[in-house]
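Numbering (the working numbering), first residue to last: 366 to 873. Beta carbons: idealized from backbone N, C-alpha and C, even for Gly. Written below as structure tokens is the structure these notes are about.
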Ligand code: PHE
């Protein structure tokens, strides 16, 4: 660009400032001109692209005293301290005696000895196991001088002298000083820039950036200067607001279930043991109900249980099988256990609540799902959290069998992008048969276990008067999210690391 070019007000201010200072840090330009940092950066970029200035990165060292270093300013370096104490001795002295009697901290003496030896200020003689010391002459101590230079902020201009450099390196190793590299950018005029300034800067009045209808109608555009578009200009990356990626995955799942004809239900996070366990035919002495696995709620201490009839049916089923043709668990069922409260350990508690409303709030066929938080008392690591999510579903109808379960899970996972699924036998106290769901993940060429499923036992369905078959599943959502979002640590699923959130590609 020719040096006769007109410049903007910002450009002029900055060019003049650089001219005055020969070279100047960007930071100082901001401080002196009081122009906003982003605008300074932009103007510097414009000027250097136009060839008027050079913007160079410079590394400066900031040398400072550590806490230990500050202490030595007052007392002198350990070797000096020890030397001074030794100097008073006329004869050589036994090192051990000196350590005991000198009144100087032994640790400090130990530090000093190495340096006294290196600096050749003392002579050590060994007799058997005994070491004697005697002072020689103390040479000029560069370390002590450097320490003072650092303290007085006079080190910068001398730091490159070989001897001082060596001393700085030693003092840094000894953790007496701290050296930090600070990078900054400085701006300088190029020969073109110098000519431009010395010819006298011509200010370009503000350029129009918007062509308005009014300018066209009145014809005023003819006398205006417009800013040119620069499609190659660097602009700061902008991030549009978005939902948390986990919410996006949940939305995708929800849409799929709804597309498949399911309704969404929700249930309480603080759940009675009745719904979380008893109604699912889990005996009251089942280990999963212990504190080691389940978070218990202390207050309130009692849950409100459903209608007496339902509670009684469940009680009898546990005790002797009731009408279900099962023998039950054969123990004395206690209301007080069922009334305890816990954090829901699975969303099966929620589908079970819904099942109990059969013929009161709905009639079969019925298909519902729930996607929600569950809690288990787990040690947390990259694979386990104490708080995680499940997606649960039931289908209630006559004549359902495992093929229907397989079909529904296959459709769901297929729409999520996992084409191959397998059901393998498993065990849950509330289903018979019980199945584990595996999905095949192409990327890892591996099968992943996603959760449980099966057909609810009569011990679960009959207490609610449901004679139809009930297909049920409860699957882990977190692993699905990890696979979808390419994460390998489960803790990242719920992380609010802003960079990761911004850069996670949209799932859909
Ligand atoms: N509730 C089981 C779990 O938490 C999953 C499951 C749900 C199994 C429904 C069978 C039927 O893993």
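Item, Value
"Identify the continuous alpha helix (DSSP H) that holds residue 768 and give its terminal residues.", "767-781"
"DSSP three-state call for residue 822: helix, strand or coil?", "coil"
"List in chain order: all unbroken alpha helix (DSSP H) runs of 4+ residues lying wholly within the segment 469-493.", "471-483"
"Helix, strand or coil for residue 466, going by three-state DSSP, please let me know.", "helix"
"In chain order, what residues of the same chain have a beta carbon less than 8 Å from the beta carbon of residue 391, not counting five sequence neighbours either side?", "405, 406, 409, 420, 549, 550, 551 and 552"
"I'd like the list of long-range same chain contacts for residue 368, defined as Cβ closer than 7 Å, with 5 residues on each side in sequence excluded.", "At residue 368, the pLDDT of 45 sits below 50, so the modelled position is not reliable; the number obtained from the coordinates is stated separately. These residues qualify, in order along the chain: 557, 560, 561 and 564."
"Only counting the same chain, and skipping five residues up and downstream in sequence, which positions put a Cβ closer than 6 Å to that of residue 743?", "749 and 751"
"Is any heavy atom in ligand 1 found nearer than 7 Å to the beta carbon of residue 838?", "yes"
"Grab the span of the beta strand (DSSP E) containing residue 838 for me, first residue to last.", "834-841"
"Straight-line CA distance for residue 774 to residue 696?", "36 Å"
"Apart from the five residues on each side of it in sequence, which residues of its chain come closer than 6 Å, Cβ to Cβ, to residue 460?", "496 and 498"
"In the structure shown, what three-state DSSP assignment does residue 911 receive?", "The structure shown does not extend to residue 911, since the chain is modelled only from 366 through 873, so no value can be given for it."
"Going by DSSP, what residue range makes up the alpha helix (DSSP H) through residue 617?", "610-624"
"Where does residue 594 land, buried or exposed, given buried means 16+ other C-beta within 10 angstroms?", "exposed"
"Taking only beta-carbon positions, decide if residue 645 is within less than 8 Å of chain D.", "In the structure shown, chain D cannot be found, because there is only a single protein chain."
"Ligand 1 and residue 793: does the residue's C-beta get closer than 7 Å to at least one heavy atom of that ligand?", "yes"
"Determine the contact status of residue 617 and residue 590, defining contact as a CB-CB distance below 8 Å.", "no"
"Could you tell me the alpha carbon to alpha carbon distance between residue 671 and residue 634, rounded to whole angstroms?", "17 Å"
"DSSP three-state label for residue 563, please.", "helix"
"Out of curiosity, what's the CA-to-CA distance linking residue 383 and residue 568?", "17 Å"
"How is residue 398 classed by DSSP in three states: helix, strand or coil?", "helix"
"Does any heavy atom of ligand 1 sit closer than 7 Å to the C-beta of residue 769?", "no"
"Could you pull out every unbroken beta strand (DSSP E) segment of at least 3 residues lying fully inside the segment 409-458, listed in chain order?", "418-430"
"When we look at the beta-carbon of residue 725 and count the other beta-carbons within 10 Å, is it buried (16 or more) or exposed?", "exposed"
"With a threshold of 7 Å, establish whether the CB of residue 826 neighbours any heavy atom of ligand 1.", "no"
"If contacts are defined as beta-carbon pairs under 8 Å, then residue 675 and residue 714 qualify, I think. What distance do you get, rounded to the angstrom?", "Contact doesn't hold; Cβ gap of about 14 Å is too wide."
"Does the count of Cβ pairs from the segment 517-533 and the segment 432-445 closer than 8 Å reach three?", "no"
"Tell me which residues share the same chain as residue 555 and place their Cβ nearer than 8 Å to its Cβ, disregarding the 5 neighbours each side in the sequence.", "416, 417, 418 and 419"
"With distance defined between alpha-carbon atoms, name the residue in 570, 604 and 600 nearest to residue 588.", "570"
"Taking the alpha carbon of residue 754 as the reference point, which residue from 490, 870 and 738 has its own alpha carbon closest?", "738"
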